[in-house]
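Mapped onto the numbering used here, the consecutive letters of the sequence shown carry residue numbers 60 to 131.
In what follows, a structure is listed as structure tokens, so that the remarks can point back to it.
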Amino acid sequence: MDFIHLPAGAKITIFTSRGDHVVTLHHDGNIENGTVSWNLKTKENLDVAYGVYFYVVESSFGKKTGKIAIIK
């Protein structure tokens, strides 16, 4: 899964619907390459279960939240 159009230095934190931390991704590239891929694995390198997840994108431009539905 790809997060696109991210500003440089963005941090993406993904949580379960219960609020448990799943993984944190970092965008260390520049503005021309604003893409970060998530391999659908947790920070323990386990496959995520199907369901709804929440994400928070933080950067120097502010904070954006959203939902992701994983269907297997």
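Quick reminder that beta carbons are idealized off the backbone N, C-alpha and C, glycines included.
All figures in this text were calculated on a predicted structure; none of them were measured in a lab.
The C-alpha of Ile-63 is placed about 19 Å away from the C-alpha of Phe-74.
When the five nearest sequence neighbours on each side are left out, the beta carbons in the same chain lying within less than 7 Å of the beta carbon of Tyr-109 are those of Ile-129, Ile-130 and Lys-131, in order along the chain. An exposed status is given to His-85, since fewer than 16 other beta-carbon atoms sit within 10 Å of its beta-carbon. Residue state for Glu-91 is assigned as helix, using DSSP reduced to three classes.
Short of 7 Å from the beta carbon of Thr-101, and not among the five residues preceding or following it, lie these beta carbons of its own chain, in chain order: Val-81, Val-82 and Val-107.
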